[in-house]
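Asks: All you need for my numbering is the position in the sequence shown, starting with 1, plus 12.
Take this structure, written in structure tokens, and hold onto it; I'll ask about it next.
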Amino acid sequence: MTLSIRQREIMKRARREGQVQVETLAVDFGVSPQTIRRDLSELCDARLLARVHGGAVMETSASNLVYETRRAIAEGAKAAIAARCADEIPEGASLFLGIGTTTEAVARALTDRRDLLIVTNNLNVAQILASGDKVQVVVTGGRLRLTDGGLVGEIAAESVARFRLDMAVLGISAIDPEGTLLDYDMAEIAVIRAMMTHARRRILVADTTKLARTAPVGAGRLDEFEVLVTDRPLPSPLAESAAERGPRVLTPPLALLPEAVDESTAAE
């Protein structure tokens, strides 16, 4: 699911106020209540919101979305982000590639590269890269998380610590307005932190729907990364913070992004 302009605004309001009402949104956006109900239904189907009488509330932050739902959200934007991220990875580089559907898109963008060494705790990434024969892949040990093929925990973090690589390409579940990175599983965060520590350069890949989500556990800060690859310019004040302290923010060419929402559609 790629969020429309109106749906992104609805998510910003829901995150700020905790809930949204159909009638209020219809008046504020100048559209029919039926149009707002359709927007909310799509957001609830993606488990970004939960329906209540007359509107919707923020989905609980205690558990992540199911894997197939995460894979479907902003799928086109993730592919564009992956292509732009691949431009930052030279031939012959060594890198960590972490858990997440966006990092899996990066793996697809790297299948034809030569002489890469990729260390990953993501079995889906390993399977994607196995389709080629030019990339050397090392899979960490760790406890298998059956929900998404991730390897997490102390053994995974210890495996990562054996390496010192050129870069780490990592995803995250949410980014709050102050630039704090948020996730759900402390066992995964331990591996994320190990990859950040044992990489010379850190790249975060995250589409802007992550700005409309929340999660319960802090995983670090945006300014710990040298590069953020995302699909759209950051909103203020996050953009101002990135300009002042980092990271360098990269976005794909517009031609690579899913077709923009037509203004007439956004006003329906």
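C-beta: ideal position from N, C-alpha, C; glycine also.
Remember, predicted model here, so these are calculated numbers, not experimental data.
Does DSSP put Arg-28 in a helix, in a strand, or in coil?
Replies: Three-state DSSP puts Arg-28 in a helix.
Asks: Do Arg-233 and Met-179 count as a contact pair if the criterion is CB distance below 8 Å?
Replies: The answer is no: Cβ separation not under 8 Å.
Asks: Roughly how many angstroms lie between the CA atoms of Pro-249 and Glu-190, to the nearest whole one?
Replies: Whole-angstrom Cα-Cα distance: 8 Å.
Asks: Enumerate, from N- to C-terminal direction, the unbroken alpha helix (DSSP H) stretches of 4 or more residues contained entirely within the stretch 220–269.
Replies: Counting whole runs of 4 or more residues, the stretch 220–269 contains the alpha helix (DSSP H) stretches 250–257.
Asks: Measuring alpha carbon to alpha carbon, tell me which of Val-172, Glu-170 and Gly-110 ends up nearest Asp-160.
Replies: With distances taken between Cα atoms, Asp-160 lies closest to Gly-110.
Asks: Who does Met-179 pair with in a DSSP beta bridge?
Replies: Answer is Leu-107 and Arg-213, bridged to Met-179.
Asks: Leu-193 and Ala-231 look like a contact to me (Cβ under 8 Å); what is the Cβ gap, rounded to whole Å?
Replies: With 8 Å as the limit, Leu-193 and Ala-231 qualify as a contact, their Cβ atoms being about 4 Å apart.
Asks: If you follow the alpha helix (DSSP H) that Val-118 is in, where does it begin and where does it stop?
Replies: Element bounds for Val-118: 113–121.
Asks: Starting from Ile-167, trace the alpha helix (DSSP H) both ways and give me its first and last residue.
Replies: Here the alpha helix (DSSP H) through Ile-167 covers 166–172.
Asks: Between Val-137 and Val-150, is the Cβ-Cβ spacing less than 8 Å?
Replies: Result no, Cβ atoms of Val-137 and Val-150 do not sit closer than 8 Å.
Asks: Closer than 8 Å by C-beta to Ile-140: which residues in its own chain qualify, once you throw out the five before and the five after it? Chain order, please.
Replies: Glu-116, Ala-119, Arg-120 and Thr-123.
Asks: Under the three-state reduction of DSSP, which class applies to Asn-136: helix, strand or coil?
Replies: Reduced to three states, the DSSP call for Asn-136 is helix.
Asks: Hey, out of Leu-128, Ser-185 and Ala-168, whose CA is closest to Thr-220's CA?
Replies: Residue Ser-185 is the option with its Cα nearest to Thr-220.
Asks: Would you call the stretch 166–180 and the stretch 83–97 touching, i.e. three or more CB-CB distances under 8 Å?
Replies: The answer is no - the stretch 83–97 does not touch the stretch 166–180, with fewer than three Cβ pairs under 8 Å.
Asks: Look at the Cβ atom of Leu-295, then the Cβ atom of Ala-227, and state whether they are nearer than 8 Å.
Replies: Any question about residue 295 goes unanswered here, given that the chain covers just 13 to 280.
Asks: Are there 16 or more other CB atoms within 10 angstroms of the CB of Arg-155, so buried, or fewer, so exposed?
Replies: Flag for Arg-155 reads exposed.
Asks: Buried or exposed: Ala-279, going by 16 or more other Cβ atoms within 10 Å of its Cβ?
Replies: With a pLDDT of 32 at Ala-279, under the threshold of 50, the modelled position of that residue is not reliable, and no figure is offered here.
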